[in-house]
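Note sheet for the following structure.
Residue numbers (this note's numbering), protein chains in the order written: chain C, 457 to 652; chain E, 27 to 498.
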């Protein structure tokens, strides 16, 4: 996996709660057998009109948020299915950080496997980020995982609370399976014991 | 000794490695695989030149993409490719596959219990969020992403942070017409779609204990819709009786001693949970979802909510958005909502008891001329059982289409889907925007409520039918 680097970007404000995985990547795009190329289908039904043209009203289609690497969303982001196509699409589209007040469990796990950092903050602070990114043309948020600091170019600083093991895996781009195989003797022992 | 929960007992006996500051390495007893979330995992194995560690604990089937009319002629080339890819991968890596020619093929969460692959006390994973279904047997079962699928394939283990436990206790006699589906929908309505995030739910109480295994599966199936990692029910005599004659259980030579062990897995008297919710089953009415999230649900005798009555702006907006998508006016009576389509099936409600109960409502009636109605059995075994009982005939005589097994319209990856604006009464588990087809409008209901809606062309209180549904 690639290593997670510090992200500096104007966040894209997606003002919806319970954004489910069927919205993040609709089912007709789950039939591919590759891990790549899903970004073009991200939020497909919201980004595009029925005739295939771009939905100008959808926030991510606004020029000012075109290159955002940080996504803001309301509570329970990523509920629904276990499809890892959702984080594949988010990452391929360009998002490296997602900030919300809460995440669905499986998507939260899947993000870490794909070099995306999901950040949980309070409603009050999320409101502030939403307002700021809509208000200030020069607005930028910095996500520094190394030093566990979330800050902006105004006066906002927040200490990040990230599981230390997951932080290490993201920063070092560690391959989960290789890490597990360090314990292979223990797995074998467990298997032997369960037969007896 | 400190009393333990069912969850504690399973967790403790599956720890392979533990150290401070890290998740726990947990052993996985059963890995179920389907065509949609596995191709990239197999590819990962190939790239890293890895094998599947325990092919004897890994089983596959194709269900999501499968056509339900002519299954030997898959017209969508990408669907066909995904199905062929699973066939090739299973062959290459040596995994048993219940393929389209198998009489045991079906939705992965229907065939696991049916074949006796699902056992109490085991850890079960699958690249599918409705894996929680298997928790009905007193197993710890949950959905995982494709990276984790690959991880389990090569190590038979998973890194897991220990979830908290949540007891949902349901007591009281279910009123007539109130099914397991209505219980779980009202639980989700109560706790919300994120109410159990970070928890494993154990469903307890006399109402739950009196449910059949299939009804318990309906309950556990939708745990994820309340945000839970998994849902489970302590094993009891009902569990053992269901398992006794299942193909891969009855052949076990130490079955009696296993059964003794399984019964002891039940949560101990006085075991502590991190959270508890108590529900009174006597107060539950047949449920109908009105919005675009399973928590947006209400009783059949109620009205669609009015966003004006909600102060919280996030909540108000989500209701406004949902009503706009669903094409519903605030304060409409649920019984005044007309439907176009009825879907009976899915891993939530596609088992034989579901079909029998729905057929009792249908018997002697006709599907409304304005409604298209289909029944998709959860597995080929369910289809066979139903045909043996003559249930297919009841449905067909009433005007239902009788199909081959698969996930079908639950997520519309196959040709069974809603058109924009089409409104469905569906026995499935998700009413998200576009879930059953772009622009499609889904109302989640029980099989008997779906049957009643098919006849009248609108939602109808199933309790108005004079039909004996037995213990369903």
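Note that beta-carbon positions come from the ideal geometry of N, C-alpha and C, so glycine has one too. Note that the structure is predicted; figures quoted are calculated from it, not measured.
Listed in chain order, the non-local C-beta contacts of residue 475 (chain E) below 6 Å within the same chain comprise 312 and 488, local neighbours out to five positions each way being set aside. At a cut-off of 7 Å, the C-beta of residue 491 (chain C) has a neighbouring C-beta in chain E. Sequence-distant partners of residue 478 (chain E) (beyond 5 residues in either direction) whose C-beta falls short of 7 Å from its own C-beta, in its chain, are 387, 486, 488 and 491. For the 7 Å CB-CB criterion, residue 480 (chain E) and residue 402 (chain E) do not form a contact. Within the model, the alpha-carbon separation for residue 363 (chain E) versus residue 195 (chain E) is close to 32 Å. For residue 122 (chain E), the uninterrupted beta strand (DSSP E) segment begins and ends at 122-124. Annotation note: the stretch 245-277 of chain E contains the following uninterrupted beta strand (DSSP E) runs of length 3 or greater, listed N- to C-terminal: 256-258. Note: residue 469 (chain C) is bridge-paired with C:528 in the DSSP secondary-structure output. For residue 442 (chain E), not one C-beta of chain C is nearer than 7 Å to its own C-beta. Per the coordinates, the alpha-carbon of residue 627 (chain C) lies some 17 Å from the alpha-carbon of residue 525 (chain C). Taking residue 337 (chain E) as reference, the option from E:330, E:329 and E:346 with the minimal CA-CA separation is E:346. Interface with chain E (7 Å Cβ-Cβ cutoff): residue 628 (chain C) is excluded. The beta carbons of residue 545 (chain C) and residue 497 (chain C) sit closer together than 7 Å. Cβ neighbours of residue 220 (chain E) within its own chain (closer than 7 Å, five residues either side excluded): 253. Rounded to the nearest angstrom, the gap between the Cα atoms of residue 597 (chain C) and residue 465 (chain C) is 6 Å.
In this structure, E:143 is the residue among E:448, E:143 and E:126 with its C-alpha nearest to the C-alpha of residue 277 (chain E). Per the coordinates, the alpha-carbon of residue 218 (chain E) lies some 29 Å from the alpha-carbon of residue 57 (chain E). Residues of the stretch 546-568 of chain C with a C-beta less than 7 Å from any C-beta of chain E: 558, 560, 561, 562, 565 and 566, listed in chain order. Within the stretch 405-447 of chain E, complete beta strand (DSSP E) segments of at least 3 residues are not found at all. A residue is called buried when at least 16 other Cβ atoms come within 10 angstroms of its Cβ; residue 487 (chain C) meets this threshold and is buried. When the Cα atoms are used, residue 368 (chain E) and residue 461 (chain C) turn out to be separated by approximately 50 Å. The Cβ atoms of residue 42 (chain E) and residue 246 (chain E) lie no closer than 7 Å to each other. In the structure shown, the three-state DSSP call for residue 115 (chain E) is helix. Between residue 189 (chain E) and residue 229 (chain E), the gap from beta carbon to beta carbon reaches 7 Å or more. Here residue 401 (chain E) carries a strand assignment [DSSP, helix/strand/coil].
Inter-residue distance for residue 431 (chain E) and residue 125 (chain E) is about 12 Å (C-alpha atoms, whole angstroms).
By the Cβ neighbour-count rule, residue 540 (chain C) is buried, with 16 or more other Cβ atoms within 10 Å of its own. The bridge partners DSSP lists for residue 183 (chain E) are E:53. With a beta-carbon spacing of about 15 Å, residue 582 (chain C) and residue 613 (chain C) fall beyond the 8 Å limit used to define contacts. The straight-line gap separating the alpha-carbon atoms of residue 418 (chain E) and residue 377 (chain E) is approximately 13 Å. The count of Cβ pairs closer than 8 Å, one atom from the stretch 108-117 of chain E and one from the stretch 440-452 of chain E, stays below three, leaving the stretches out of contact.
Spanning the alpha carbons of residue 293 (chain E) and residue 250 (chain E) requires a straight line of approximately 21 Å. At a cut-off of 7 Å between beta-carbon atoms, residue 602 (chain C) makes no contact with chain E.
At a cut-off of 7 Å between beta-carbon atoms, residue 154 (chain E) makes contact with chain C. At a beta-carbon threshold of 7 Å, the residues of chain C lying near residue 65 (chain E) are 489, ordered along the chain.
When C:500, C:468, C:470 and C:475 are compared, the shortest CA-CA separation from residue 563 (chain C) is found for C:475.
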